[in-house]
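Residue numbering for the sequence shown follows our numbering, beginning at 6 and increasing consecutively.
Glycine residues also receive a C-beta, built at the ideal position from the N, C-alpha and C atoms.
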Amino acid sequence: GTIHDRKYRPLAENIIHYDFAIHPNRIENRNLIVSTFSSVTGRSKKYYENRLDSEKTYEFLERNLKHDESKPLLALEDKGLVAHKHSSRLYPHGHIASQIIGFTNIDGKGLEGLERQYDVGLMGKTGWTILETDGHGKSRKNQAYPIQKPMDGNNLVLTIDAEYQAILQDELERSIVSTDAVGGMGIILEPFSGKILAMSSLPDYDSNSPSLYQREFIRNRVITDQYEPGSTFKIVPAMAAIHTGKVSLVEEFNCENGSYDFQGTTIKDWSDFSLLTFPQIIENSSNVGVIKIAERVGAKDLYSFARKFGFGSESGISFPGEAKGRLRTVDEWSRISITQFPLGHEVSVTTLQIALAYAAIANGGYLMKPIIVEKILNAEGQVIHREKPQIVRKISSIENIASLKSMLQLAVESGTGTSAYLAGWKVAGKTGTAQKFINGEYSKLKFISSFAGFFPADDPQLVGVFVLDEPRKGQHWGGLSAAPIFRNVMKRIIYQDDEILVHKPRLKSRPAPIPERPPAVLLAGIKENAPVTLMTVAVETFNPGITVPNLRGMSLRSAIATVKKFGLTPRVEGSGAVVYQWPIAGTEVSPGSTCSIKLN
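Pasting the structure below:
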């Protein structure tokens, strides 16, 4: 069966091919076969005449002809002509969502990803019949024998949006290149349903030719690989403190000017903070402040809330190879674990688990089971199974969750996550920077940088988590390397998705300039003296620039026309369809700016 994205765009499908063979001694209309085959394939008539003159009892005329070009040949009615139908798997978008979809072997058996998870249902059943053969070698059916008709496989409709997926992979790749990172991971999901809209880890591979890539590129590392998260994990001690009431939201903590000694271990901050309130500690990601909060909360409640958020357990996603992470019980903690665990060390998580935890904050306190296959259709297109949103557990009250959400919003507005800020939107999130644990010790040179967040903060529609593995160029801090990925991805999604724009929050208004004459497009179709409604649009700043259009997938002619229409200057490389553009769609630029377009 076919695998579709949520808008029924094919991500994996079958291509029908035909092999044509003959029994030379049974051919009835030699001239018609020769002329028709020659017309379809372009081969000479002499070529086919030689085939028909073969002394073999069975001879192939053509192999692997596409379905469309085979139609005239299938219409030939000749007892000596045999057509063999077979199919091969095609992944029309290559690298896009390859680690989600997976691939099959030459026999159509699913080996990786959803192709493997849903192999039996997608495969269908082969038909068969029993034939009798007489002494002359002729075969015929006998109605007394049973017949098994073939059954087409089921079709999958995923929650994945191919456009979101392409944006995520594009921006993740840009960041890996710009930071010289070893790799990266990203996921976008809906907080209230748990539906995964996009998910990728790079490097990846092309599902059409998996044998050309390293084995590790094939894994969907968002689900299968675990790592120490760093400060994105600080939601656990924060939520435990709020829920238990052991820490007041207005209470101030002495952050020791950025250096705190705990039983011989020195904890340092990225800045020399002195007195900070609870919200300011999360806003500024103060390690010293979080540890002091964690000491107040206690190990038992810290562990309990890590469990409530889903860490240390499989999420239940319908996908092979999910890792559950590593969450040690309190009995297994060392004397300094209370200073490491709250900071996202001595614990391992998957990117999916982080995304689900932040989704629980976004949706008001409910941990959701992730969904990647929305429904299964039979060959006739009827829905035979639909995956419904499923709540795993409630983490805390909506009031407590709102307090944590406000802290995460502060982190983006004025704290460590300002690089994730989206003009005109309220964003909430948290940065993370963790030293990699290598050969029994924490490296001082290799880091995992990340950002987890959601928007709009007051009406969450999307959750995004982005992780960079060992960024080596520029700053390795999550706020400077990973947070911009969130901003760039969400900005492009906003620009192209009307459903997101419906939820755009109102901003503080200021008088908008009123033109002497409204644009012609606004006047089109309005009758004279007709009643109209005047509205002022709330804006933060007035920008006279041009918003770069989305050119991806356009032909050369359409792309150039669109660029010129927007008052920009095109610069073209290659031919075919647009696969890359700079500046990216949604970027504000000055009139006349150059827009570079790459086609393939």
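Contact defined as beta carbons within less than 8 Å: I believe residue i pairs with residue j. What is the distance between those atoms, to the nearest angstrom?
{"i": "K606", "j": "T229", "result": "A query on residue 606 cannot be resolved here, the shown segment of the chain reaching from 6 to 605 and no further."}
{"i": "V241", "j": "I272", "result": "That pair is no contact at about 17 Å."}
{"i": "G191", "j": "S290", "result": "21 Å between Cβ atoms; not a contact."}
{"i": "P347", "j": "A416", "result": "That belief does not hold up - the Cβ atoms of P347 and A416 are roughly 16 Å apart, past 8 Å."}
{"i": "V470", "j": "T334", "result": "V470 to T334, Cβ: 26 Å. No contact."}
{"i": "A186", "j": "E475", "result": "6 Å"}
{"i": "E64", "j": "P29", "result": "6 Å"}
{"i": "T184", "j": "A457", "result": "With a Cβ gap of about 18 Å, T184 and A457 do not count as contacting."}
{"i": "A590", "j": "N605", "result": "Rounded, the Cβ-Cβ distance is 18 Å, inconsistent with contact."}
Excluding the five sequence neighbours on either side, which residues of its own chain have a C-beta within less than 6 Å of the C-beta of residue i, listed in chain order?
{"i": "V468", "result": "L194, P196, A360, Y363, A364, A367 and F459"}
{"i": "A245", "result": "V302, D306, L307 and F310"}
{"i": "S180", "result": "I490"}
{"i": "S93", "result": "I20"}
{"i": "E261", "result": "V293"}
{"i": "S198", "result": "P394"}
{"i": "L70", "result": "Y23"}
{"i": "T7", "result": "P15, E18 and N160"}
{"i": "I135", "result": "Y150"}
{"i": "R515", "result": "Model confidence at R515 stands at a pLDDT of 29, short of 50, so the residue's coordinates are unreliable; what they give is reported in the following sentence. Correct list: empty, nothing qualifies."}
{"i": "K374", "result": "G199, G321, Q395 and V397"}
{"i": "S253", "result": "none"}
{"i": "T599", "result": "T574 and R576"}
{"i": "S454", "result": "T438, L473, P476, H481, G483, S486 and A487"}
{"i": "I551", "result": "F571, G572, V594 and P596"}
{"i": "I565", "result": "P575"}
For residue i, which residues of its own chain have a beta-carbon under 7 Å away from its beta-carbon, when the five flanking residues on both sides are left out?
{"i": "S43", "result": "S49, K50 and Y53"}
{"i": "K76", "result": "none"}
{"i": "K114", "result": "D124"}
{"i": "M412", "result": "A243, P284, I287 and E288"}
{"i": "Y169", "result": "I193, L202, A203 and I498"}
{"i": "F442", "result": "E233"}
{"i": "P554", "result": "T567, F571 and A590"}
{"i": "G558", "result": "A582 and V583"}
Can you check DSSP and say which residues form a bridge with residue i?
{"i": "Y447", "result": "F442"}
{"i": "M156", "result": "K130"}
{"i": "S205", "result": "G191"}
{"i": "M495", "result": "DSSP output for M495 lists no bridge partner at all."}
{"i": "D474", "result": "G188 and I453"}
{"i": "G434", "result": "G458"}
{"i": "A167", "result": "A167 is not bridged to any residue."}
{"i": "P151", "result": "Note: P151 sits in no beta bridge, so no partner."}
{"i": "M373", "result": "I396"}
{"i": "R145", "result": "E137"}
{"i": "G115", "result": "T109"}
{"i": "L307", "result": "Paired residues: none, contrary to the question."}
{"i": "E67", "result": "F25"}
{"i": "A362", "result": "Note: A362 sits in no beta bridge, so no partner."}
{"i": "L60", "result": "According to the sequence shown, residue 60 is Glu rather than Leu. None, per the DSSP bridge assignment."}
{"i": "H72", "result": "Answer by DSSP bridge pairing: none, since H72 is not bridged."}
{"i": "P575", "result": "C600"}
{"i": "V354", "result": "Y232"}
{"i": "H89", "result": "D24"}
{"i": "I381", "result": "L161 and H390"}
{"i": "K200", "result": "I376"}
{"i": "R94", "result": "N19"}
Note down, in chain order, each residue of its chain lying with its Cβ closer than 8 Å to the Cβ of residue i, except the 5 sequence neighbours on either side.
{"i": "V378", "result": "L119, Y123, L161, V162, L163, T164, S323 and E392"}
{"i": "H91", "result": "I21, H22, Y23 and D24"}
{"i": "L280", "result": "E257, F258, N259 and C260"}
{"i": "G326", "result": "R224, N225, I228 and T229"}
{"i": "T423", "result": "V417, G484 and A488"}
{"i": "Q414", "result": "K431, V432, A433 and A462"}
{"i": "L95", "result": "A17, E18, N19, I20 and N213"}
{"i": "H9", "result": "P15, L16, N160, L161, V162 and L163"}
{"i": "R331", "result": "Q231, G317, V352 and S353"}
At the 8 Å Cβ level, is residue i part of the contact set with chain B, yes or no?
{"i": "I240", "result": "In summary, chain B is missing from the structure at hand, where a single protein chain is found."}
Problem - 3 or more residues per run - each beta strand (DSSP E) lying fully within the stretch 212–290 - result: Complete beta strand (DSSP E) runs here, min 3: 257–259, 264–267, 270–273 and 280–282.
Practice task
Starting from the N-terminal side, write out each stretch of the alpha helix (DSSP H) that is 4 residues or longer and does not extend beyond the stretch 10–53.
Solution key: Look at the stretch 10–53 and you find these whole runs of alpha helix (DSSP H), each 4 residues long or longer: 35–46.
Handout entry: Cβ contact (3+ pairs, closer than 8 Å) linking the stretch 476–486 and the stretch 212–220
Key = Look at the beta carbons and you see the stretch 476–486 not touching the stretch 212–220: under three pairs across the two are nearer than 8 Å.
Problem - Three or more C-beta pairs below 8 Å linking the stretch 170–178 and the stretch 82–101 - result: With a cut-off of 8 Å, the stretch 82–101 and the stretch 170–178 count as touching, because enough Cβ pairs lie within range.
Handout entry: Inside the stretch 387–419 only - beta strand (DSSP E) runs reaching at least 3 residues
Key = Segments of the beta strand (DSSP E) lying fully in the stretch 387–419: 388–391 and 396–399.
Practice task
Would you check if there are 3 or more beta carbon pairs closer than 8 Å linking the stretch 337–355 to the stretch 400–419?
Solution key: Two segments are said to touch when three or more pairs of C-beta atoms, one from each, lie closer than 8 Å; by this definition the stretch 337–355 does not touch the stretch 400–419.
Practice task
Examine the Cβ distances between the stretch 335–345 and the stretch 218–227 and report whether three or more of them are shorter than 8 Å.
Solution key: Under the three-pair Cβ rule at 8 Å, the stretch 335–345 does not count as touching the stretch 218–227.
Handout entry: Contact between the stretch 417–431 and the stretch 461–476 (3+ Cβ pairs under 8 Å)
Key = Contact holds: three or more Cβ-Cβ distances are below 8 Å.
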